[in-house]
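Engineer: Right, I'll just put the structure down here and ask away after.
Protein chains: 2
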Amino acid sequence: MGKQTARELVLGIDYGTDSCRGVIIDAADGAEIAQAVGAYPRWAKGMYCDPQTNRFRQHPLDYVESLGSVMDSLLASAGAETLSAVRGIAIDTTGSTPCAVDAAGQPLSMSKEFAEDPDAMFVLWKDHTATAEAEEINTLARCWGGIDYTKYEGGVYSSEWFWAKIMRVFKSNSRVEAASASFVEHCDWMSALLTGAKDLRAMKRSRCAMGHKAMWHADFGGYPSADFLGRLHPSLPRIRESLGTETWTSDRSCGGLAAEWSTRLHLPAGIPVAVGAYDAHMGAVGGGVREGVLVKVMGTSTCDMIVAPKGKGGERLVRGICGQVDGSVMPSMLGYEAGQSAFGDVYAWFRNLLSWPLVSMKSIVPEGNLRSGEAAARQAQVDAILPLLEEEAAALEPGAGGLVALDWLNGRRTPDADQRLRGAIMGLTLGTTAPMLYRALLEATAYGARAIVERFREEGVAIDKVVGIGGVARKSALGMQIVADVLGMPIDIVASDQSVALGAAMFAAVAAGIWPSVDEAQKRMGPPVERTVEPDPRRAKEYDGLYARYRKLGDFVEKELT
Amino acid sequence: MGKQTARELVLGIDYGTDSCRGVIIDAADGAEIAQAVGAYPRWAKGMYCDPQTNRFRQHPLDYVESLGSVMDSLLASAGAETLSAVRGIAIDTTGSTPCAVDAAGQPLSMSKEFAEDPDAMFVLWKDHTATAEAEEINTLARCWGGIDYTKYEGGVYSSEWFWAKIMRVFKSNSRVEAASASFVEHCDWMSALLTGAKDLRAMKRSRCAMGHKAMWHADFGGYPSADFLGRLHPSLPRIRESLGTETWTSDRSCGGLAAEWSTRLHLPAGIPVAVGAYDAHMGAVGGGVREGVLVKVMGTSTCDMIVAPKGKGGERLVRGICGQVDGSVMPSMLGYEAGQSAFGDVYAWFRNLLSWPLVSMKSIVPEGNLRSGEAAARQAQVDAILPLLEEEAAALEPGAGGLVALDWLNGRRTPDADQRLRGAIMGLTLGTTAPMLYRALLEATAYGARAIVERFREEGVAIDKVVGIGGVARKSALGMQIVADVLGMPIDIVASDQSVALGAAMFAAVAAGIWPSVDEAQKRMGPPVERTVEPDPRRAKEYDGLYARYRKLGDFVEKELT
């Protein structure tokens, strides 16, 4: 902070799947000053969604109202003086979460005409209505004879991504197609909104979002050609045109906070609002990503982020990784995104399996036999399963009971995405117990982590250390020990549940000119490491052998599929 | 029965793992007149056993006392007149269950000196203390350069069998070694005992027991050579010598019921006692085994029995089957024994897995919260799991959820015995439910049944129909339907829980001269079919494809092991 003495605060705004979180951070040292969370009111009621068809839409007013309530809470808890010391804002969101907008960049569902039309709302990252469209994109990219535009996205375009979702909306809703001037990612809309931008053409599109999910690349001179997109849908070239050819990294400011939002959010007018980005990417920065350090955001699934210098020969393509984008994570580095389709979800699946008698057999312990409420007692039982499994599995050895499992219960994201793949367990005997199976599943997800690390290394990206952030990282001590043992590398567990918002705050500090670079902001504001999980050499050696068996099982399952 | 008018009854005595059962049958039509069960008193207390080391021994007095109590019960329930109409007795037992005996054929543990010595008692079929000895036998048989004496026993000698168990006893107990004049199978000892035989040399050894488990074969001129056995243990040639060279089928009489046993058992003196045999073999006869009809004794594991004519070229060797012995099932046919190492045990394993929270989390539903006894309530929950799974799995389609499982949770008995093999499940997703997994396990055991049927057919043994007997056959309607669908063959479910004792009664009727042959006894006394489970053609077709995947998974697991 040099010679400055006044407190300089920054605000990180993190839009997750269910809620918006605002965290005020001291730019000097990363100390958390205040935080607040606001749920999405319509989403909480299940509006505009249909889980049966995997349609998940979010209304823009959910984002606006939740942000308002977060800032009201921060005002109440931290006081006006604190808020007035905020010098910059950065926003991360889920993604790809695009929305049809008008010529002013306003979501169509903000107009009366489309207020209740799900196709005029944000298509949430996990909306899977566009699987057929993703398949069309992949087929065309491979067969049309021109550039394979999926090459920087691991070679497989996902139904969760920008162009597939636009195609799906257009095919199913001609009114939205006709009214749309463009599509905007949630992170880009938020920054544009808060800076009062009214011109779609001037909108600063996120390098992270567009690079990873919309096939933008400098080598292509921007987005895929009009020829390519036109073969997919006649309206796509028009959307392409609306996007321009530039994208921006999140150390840059989009503009100053507009007067109306200054009032509504209790923040100083004109403070810079950084270019937006995806949550996992800003989270990686908050978790301390740097060359050689892989940040694993571990929740129901994982996002694995790492950066590498571009090198003399230009950008080197890493096979079978979700995406690689220059500047998507750290502005001056190549950002690589990988991940596991299921991580905590695997353990939750096993807990649910073991809960089956508890939740299915309502008639077995008759209500009257329980003094307290039956539902509460059953829930307590279900909630107790994972901690007890963790305790008993911790007493077991690697590969206990001779089990080896495959973690692909939700397909495989990386390396080499294939959503058709499935999980497996081998080595079952009549003596196989629930804790043995639980340990095998923990090990399976650790093997999945290792497969990603090995792929990066094979492709010349160095990884010397892993940082764990996200819910599972702090909750499962055994899980983290197994990951460390399987990787044969130490894992730093970050002492914060807010690494993502902290990462956003770092970008805010750079956009506001408090720190000259994201590297510098990381150094100054980075969270302390809560603990370092060291690998045990003996177990690490055993896991080398077990990992080889995991790979063999995986090869079999992959081959069996075809 | 021709011109006879007086009622002619026969007695089948079935010694199982835990108890002795006696069933009085009308030889005219197989009608059950009376039955009684007597538990083994010492065994029930766990005496002489150590489950940790898989040591399971039974005291001969358990057999004697349980038989006495069975006959007392029959006297009480059926009356003296009924018992006086019994014309013959046949006895089946578990096996291989041998015991060290003195020169009079009396178990050493019947003497004061060895009364409490487990090595002087019967070594129960499931005693696995002799694994190292079985390995020695297999190694020698393959490498010594002479005859491979295991060739009629599927090529793999088991730790559960006669010679391995004798070696184990000799190695661990020199006093028993010195005192033993021979070893006698449980079934042979019972018949010798009841006929008052006092001369070991005159004992009629069972073709079934000696042929299947002691490597007796007519082609060898009896047992393996003294040279072969002497290389395994110096005392084995002496035991070999004591066995003679002949064996007898169970349509033959051992002699008449001795006076002392006539009194003790409330039966007419002098009535013929048939040569003994193993339970599964007599059970197959009771279940209606004949050419082309495979009888599956389905319990925790299965025994699969079929017969075939010897053919013109002499005995044809069937690859990878437990054993084939001329006359072991039906006196005039080759008897083949195959089986699955785990059947009902697989379902019990899954129930136990799902019960883990119930039995592990004593603290979760505190004792005080349950009005009735906690243990009873929990047991009721555990007991309800399989019926509920069965109900929900019945509503699913073949291969529901894309699952394919391998049934080798207790190794593989046949085809191609390999106890090192283990079970596996593939196709797991986050949507995989307990009923789906249960169905996959039922299907896996049915695939295991099909692998045996296919092997028999490949080797020229015809199978047109399956008869199911044993606990699981009558209990699991869904399981039987799946077996029928997977085999693409009808399955007759026999309307009796006493097929094994009934089979013994048939042999008693032949040994007593009431019927001229076992075939004839089967025709007259065979139990009615309770129901025939017909395969569904659509599902059968689907299972063809799923079975191919089972085989691929099995090939992988087998290869992965080596």
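Each protein sequence line maps, in turn, to chains A and B.
With the numbering used here, letter number 93 in the first sequence gets 93, and the count goes up by one each step, no holes.
Take any residue in the second sequence, note its place counting from 1, add 1000, and you have its number in the numbering used here.
Even glycine gets a Cβ: it sits at the ideal position worked out from N, Cα and C.
Can you look up Gln4(A) in the DSSP assignment and give me helix, strand or coil?
Structural biologist: Here residue 4(A) is taken as the residue at index 4 of the first sequence, counted from 1. Unreliable placement is indicated for Gln4(A), whose pLDDT of 48 sits below 50; the coordinate value is still reported in the next sentence. Note: Gln4(A) maps to coil in three-state DSSP.
Engineer: Which chain B residues are close to Asn410(A), counting only those with a beta carbon under 8 Å from its beta carbon?
Structural biologist: Indexing the first sequence from 1 puts residue 410(A) at position 410. Thr1429, Leu1430, listed in chain order.
Engineer: Please list, in chain order, the residues of the region 1415–1426 of chain B that have any C-beta partner in chain A closer than 9 Å.
Structural biologist: Result list: Arg1422, Gly1423, Ala1424, Ile1425, Met1426.
Engineer: Would you mind telling me which residues of chain B sit closer than 7 Å to Gly52(A), beta carbon to beta carbon, in chain order?
Structural biologist: On the first sequence, position 52 is the one that residue 52(A) refers to. Strictly speaking, residue 52(A) in this sequence is Gln, with Gly absent from that position. The contacting residues do not exist; Gln52(A) stays about 13 Å from chain B at best.
Engineer: Where are the beta strand (DSSP E) runs, 3 residues long or more, that stay fully inside the region 486–522 of chain A, in chain order?
Structural biologist: DSSP runs (the beta strand (DSSP E)) wholly in the region 486–522 of chain A: 491–494.
Engineer: Please report the distance separating the alpha-carbon of Glu1367(B) from that of Leu1388(B).
Structural biologist: Within the second sequence, the letter at position 367 stands for residue 1367(B). Within the second sequence, the letter at position 388 stands for residue 1388(B). For Glu1367(B), the predicted structure reports a pLDDT of 49, less than 50, and the residue's modelled location is therefore unreliable. A value from the coordinates is still provided. Cα to Cα, Glu1367(B) sits roughly 25 Å from Leu1388(B).
Engineer: Nearest to Gly1221(B) by alpha carbon, out of Asp1199(B), Cys1208(B), Glu1246(B), Leu1229(B)?
Structural biologist: As a working note, residue 1221(B) is residue 221 in the second sequence. Of Asp1199(B), Cys1208(B), Glu1246(B), Leu1229(B), the residue nearest in Cα terms is Glu1246(B).
Engineer: When the Cα atoms are used, what is the spatial distance from Arg231(A) to Arg207(A)?
Structural biologist: Here residue 231(A) refers to the residue found at position 231 of the first sequence. Here residue 207(A) refers to the residue found at position 207 of the first sequence. The straight-line gap from Cα to Cα measures roughly 25 Å.
Engineer: If you scan the region 1120–1208 of chain B from start to end, which runs of the beta strand (DSSP E) of 3 or more residues do you find wholly inside it?
Structural biologist: The qualifying runs are 1182–1185.
Engineer: Once you ignore the five residues that flank Val297(A) on each side, which residues in its own chain have a CB closer than 6 Å to its CB?
Structural biologist: Within the first sequence, numbered from 1, the residue matching residue 297(A) stands at position 297. Within the same chain, Val297(A) has close Cβ partners Ala280, Gly283, Cys303, Ile469, Gly470.
Engineer: According to DSSP, simplified to helix, strand and coil, what is Asp1018(B)?
Structural biologist: Numbered from its first residue, the second sequence carries residue 1018(B) at position 18. Three-state result, Asp1018(B): coil.
Engineer: Taking the alpha-carbon positions, what's the Arg422(A) to Glu558(A) distance?
Structural biologist: Here residue 422(A) refers to the residue found at position 422 of the first sequence. Here residue 558(A) refers to the residue found at position 558 of the first sequence. Looking at the two C-alpha atoms, the distance is approximately 9 Å.
Engineer: Could you work out which residues of chain A lie near Asp1345(B), taking near to mean beta carbons separated by less than 7 Å?
Structural biologist: Here residue 1345(B) refers to the residue found at position 345 when the second sequence is read from its first residue. The contacting residues are Leu430.
Engineer: Please specify which runs of the alpha helix (DSSP H), each continuous and at least 4 residues long, are wholly inside the region 36–100 of chain A, giving them in chain order.
Structural biologist: Fully enclosed alpha helix (DSSP H) runs of 4 or longer: 41–44, 60–78, 80–84.
Engineer: List, from N- to C-terminal side, the alpha helix (DSSP H) runs of 4 residues or more that fit wholly inside the region 1315–1371 of chain B.
Structural biologist: Complete alpha helix (DSSP H) runs here, min 4: 1344–1360.
Engineer: Out of Ile493(A), Ala446(A), Ser69(A), Ser158(A), which one is the CA nearest neighbour of Ala141(A)?
Structural biologist: Taking the first residue of the first sequence as 1, we reach residue 141(A) at position 141. Nearest of Ile493(A), Ala446(A), Ser69(A), Ser158(A) to Ala141(A), Cα basis: Ser158(A).
Engineer: Spatial neighbours of Thr129(A) within its chain, please: CB distance less than 7 Å, with the 5 preceding and 5 following residues excluded, ordered by chain position.
Structural biologist: Position 129 of the first sequence holds residue 129(A). These residues qualify, in order along the chain: Thr53, Asn54, Arg55, Arg168.
Engineer: For the beta strand (DSSP E) that contains Met1215(B), what are its first and last residues?
Structural biologist: Reading the second sequence from its first residue, position 215 is the one you call residue 1215(B). It is not in any beta strand (DSSP E) - Met1215(B) carries neither H nor E in the DSSP assignment.
Engineer: Hey, is Thr433(A)'s beta-carbon within less than 9 Å of any beta-carbon in chain B?
Structural biologist: One-based indexing of the first sequence puts residue 433(A) at position 433. Yes, its Cβ sits closer than 9 Å to a Cβ of chain B.
Engineer: Between which residues of its own chain and Ile364(A) is the CB-CB distance below 6 Å, once the five residues before and five after are set aside?
Structural biologist: The sequence position of residue 364(A) within the first sequence is 364, counting from 1. The pLDDT assigned to Ile364(A) is 48, lower than 50, so where the model puts this residue is not dependable; a value taken from the coordinates is nonetheless given after this. Closer than 6 Å at Cβ, skipping near neighbours: no residue.
Engineer: Can you list, in chain order, the residues of its chain with a C-beta nearer than 7 Å to that of Gly513(A)? Leave out the 5 residues immediately preceding and following it.
Structural biologist: Stepping through the first sequence from its first residue, residue 513(A) is reached at position 513. Cβ within range, chain order: n/a, list empty.
Engineer: Name, going along the chain, the residues of the region 1128–1143 of chain B whose beta-carbon falls closer than 9 Å to a beta-carbon of chain A.
Structural biologist: The region 1128–1143 of chain B vs chain A, Cβ under 9 Å: nothing.
Engineer: If the cut-off is 8 Å on Cβ atoms, which residues from the region 542–557 of chain A count as contacting chain B, listed in chain order?
Structural biologist: Under the 8 Å Cβ criterion, the region 542–557 of chain A contributes Arg549, Lys552, Leu553, Phe556, Val557.
Engineer: Starting from Leu257(A), trace the alpha helix (DSSP H) in both directions and tell me its first and last residue.
Structural biologist: Within the first sequence, residue 257(A) is the residue found at index 257, counting from 1. That residue, Leu257(A), is in no alpha helix (DSSP H); it is neither H nor E in DSSP.
Engineer: Could you check which residue in Tyr1438(B), Ala1424(B), Ser1517(B), Ser1341(B) has the C-alpha nearest to that of Ala1027(B)?
Structural biologist: Along the second sequence, one-based indexing puts residue 1027(B) at 27. Comparing Cα-Cα distances from Ala1027(B) to each of Tyr1438(B), Ala1424(B), Ser1517(B), Ser1341(B), the minimum goes to Ser1517(B).
Engineer: What did DSSP end up calling Ser109(A) once you bin it into helix, strand or coil?
Structural biologist: On the first sequence, position 109 is the one that residue 109(A) refers to. Of the three classes helix, strand and coil, the one that applies to Ser109(A) here is helix, per DSSP.
Engineer: Assuming Arg1087(B) contacts Ile1271(B) under a Cβ cut-off of 8 Å, what Cβ separation, rounded to an integer in Å, is found between them?
Structural biologist: Taking the first residue of the second sequence as position 1, residue 1087(B) is located at position 87. Taking the first residue of the second sequence as position 1, residue 1271(B) is located at position 271. 6 Å between Cβ atoms; contact.
Engineer: Shortest alpha-carbon distance to Gly1256(B) belongs to which of Leu1236(B), Met1190(B), Leu1561(B)?
Structural biologist: Your numbering for residue 1256(B) matches position 256 in the second sequence. Among Leu1236(B), Met1190(B), Leu1561(B), the Cα nearest to that of Gly1256(B) belongs to Met1190(B).
Engineer: Could you tell me the distance, in whole angstroms, from the CA atom of Ile1239(B) to the CA atom of Asn1138(B)?
Structural biologist: Reading the second sequence from its first residue, position 239 is the one you call residue 1239(B). Reading the second sequence from its first residue, position 138 is the one you call residue 1138(B). Between Ile1239(B) and Asn1138(B), the C-alpha separation is close to 19 Å.
Engineer: Are the beta-carbon atoms belonging to Ala348(A) and Thr300(A) less than 9 Å from one another?
Structural biologist: Taking the first sequence and counting its residues from 1, one reaches residue 348(A) at position 348. Taking the first sequence and counting its residues from 1, one reaches residue 300(A) at position 300. Yes; because the gap between Cβ atoms is below 9 Å, this pair is in contact.
Engineer: Ile1482(B) to Gly1554(B), Cα distance in whole Å?
Structural biologist: As a first step, residue 1482(B) is located in the second sequence; it is residue number 482 there, counting from the start. As a first step, residue 1554(B) is located in the second sequence; it is residue number 554 there, counting from the start. Their Cα atoms are separated by approximately 19 Å.
Engineer: Spell out whether any CB of chain B is found under 9 Å from the CB atom of Ile364(A).
Structural biologist: Walking along the first sequence from the start, residue 364(A) turns up at place 364. Residue placement at Ile364(A) is poorly supported in this model, since its pLDDT is 48, which falls under 50; the coordinates still yield a value, given next. For Ile364(A), the answer is yes, since a Cβ of chain B falls inside 9 Å of its Cβ.
Engineer: My guess is that Asp1127(B) and Ser1172(B) are in contact by the Cβ rule of under 8 Å, so how many angstroms apart are they, rounded?
Structural biologist: Position 127 of the second sequence holds residue 1127(B). Position 172 of the second sequence holds residue 1172(B). 12 Å between Cβ atoms; not a contact.
Engineer: For a cutoff of 9 Å on Cβ pairs, would you count Ser159(A) as touching chain B?
Structural biologist: The count along the first sequence starts at 1 and reaches residue 159(A) at position 159. No, its Cβ sits nowhere closer than 9 Å to a Cβ of chain B.
Engineer: Give, in chain order, every residue of the region 384–414 of chain A whose Cβ lies closer than 7 Å to some Cβ of chain B.
Structural biologist: Those would be Ala384, Ile385, Leu388, Gly402, Leu409, Asn410, in chain order.
Engineer: Classify Gly1545(B) as buried or exposed, calling it buried when 16 or more other Cβ atoms lie within 10 Å of its own Cβ.
Structural biologist: As a first step, residue 1545(B) is located in the second sequence; it is residue number 545 there, counting from the start. Flag for Gly1545(B) reads exposed.
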